[in-house]
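When we follow the numbering used here, the leftmost residue of the sequence shown carries the number 83, and every step to the right adds one.
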Amino acid sequence: MAGNVFRNVTLKALAATALLGAAQVNAAAVFDISDTQWVSLGGGVRTSFAAVEDGAGADGDDYSNDFNLDNARIYINGQFHEYVKFEFNTECVFCGNADLQEYTVLDAIAKFEFSPAVNIWAGRMLVPADRAEMSGPFYANTYDFNRTPFYPADFSTDFGAGGAGVYGRDHGVNFWGAAGPLQYVFGVFDGLRNASNVDDNLLYGARVAYNFWDVEKNPGYYTSSTYYGQGGDILTMAYAAQYQEDGAGTAGAPADFLGMSADLLMEKTLGGAGVITV
């Protein structure tokens, strides 16, 4: 339940941009009430400094120097009952722009967890998708988060009317579980709500993963893109799909949306020599 502190620190250089420092911090405090009742309060921050060649100066021949607050999140989790939990997370939107920045609800989930094989989550949460989207910026294997939107909730900027969700999230219900090395999640969501979807058709999403080596251990149906050798030997293949009738096009020319993706993660520990991640 408690997060890891300084989970990842990365340095990189891409093209003419030098990202001189990038840090991620997760931390949480857990308050136990009883064996089946607890509340945790935590936060996550991603911050960076970028120096870009020929990005400043009167003649454009100097380095620009910018500190960035890329993410600032508050996490609240808890358990009321043996089978009932909740999750509430926030995100700072446009953290680097003082005129636009605001805190918004990222996740708001009622969790009914009965067994490893059968669980139900309802509320605002991640739609089943590819590993990059499901890992999010804090559990990716690179500092830069997924830049290519594959599914509606990736490229939408609003919930409800006119939108299809935000940050890979949408309003709906997920059914998830695991049977040994097989992990699954299937969900029903609002999906796209614009002129093409006059019948208010719902979006259906699913993800199935099979662990050939050690079983990945994450909360719920979430994923990570690397475990830095702490998760054992990982070889997992997964398939994800989303479908919505009239989920694309215009009112005059509606079309169905169907998106599919597959991903593979291999992570092999080499003892004291390090870890290979593919």
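Glycine is no exception: its CB is placed at the ideal position from the N, C-alpha and C atoms.
What you are looking at is a predicted structure, and each value in this text was computed from that prediction instead of being measured.
- Contact annotation: GLY269 and PRO210 have beta-carbon atoms nearer than 8 Å.
- For LEU274, the closest alpha carbon among the candidates ASN108, ALA337, ASP114 is that of ALA337.
- In the three-state DSSP reduction, PHE131 falls in the strand class (E or B).
- In the three-state reduction of the DSSP assignment, GLU173 falls in the strand class, which pools E and B.
- GLY273 carries a coil assignment under DSSP once its states are collapsed to helix, strand and coil.
- Per the Cβ contact rule, the segment 225-239 is not in contact with the segment 294-303 (fewer than 3 Cβ pairs under 8 Å).
- When secondary structure is reduced to three states using DSSP, SER217 falls in the helix class.
- Contact annotation: SER306 and SER217 have beta-carbon atoms nearer than 8 Å.
- Classified as buried, ASN159 has 16 or more neighbouring CB atoms from the shown chains inside 10 Å of its CB.
- Boundaries cannot be given for PHE196, as no alpha helix (DSSP H) includes it and DSSP labels it neither H nor E.
- In this structure, DSSP gives ASP296 a state outside helix and strand, which the three-state scheme calls coil.
- When ASP240, ASP136, ASP212 are compared, the shortest CA-CA separation from VAL175 is found for ASP240.
- Rounded to whole angstroms, the gap between the alpha carbons of TYR249 and LYS350 is 30 Å.
- Per DSSP, PRO234 is one residue of the alpha helix (DSSP H) stretching across 234-237.
- Looking from the CA of ASN171, the closest CA among ASN179, PHE271, ALA192 belongs to ALA192.
- The beta-carbon separation of ALA330 and SER278, rounded to 6 Å, stays under the 8 Å limit for a contact.
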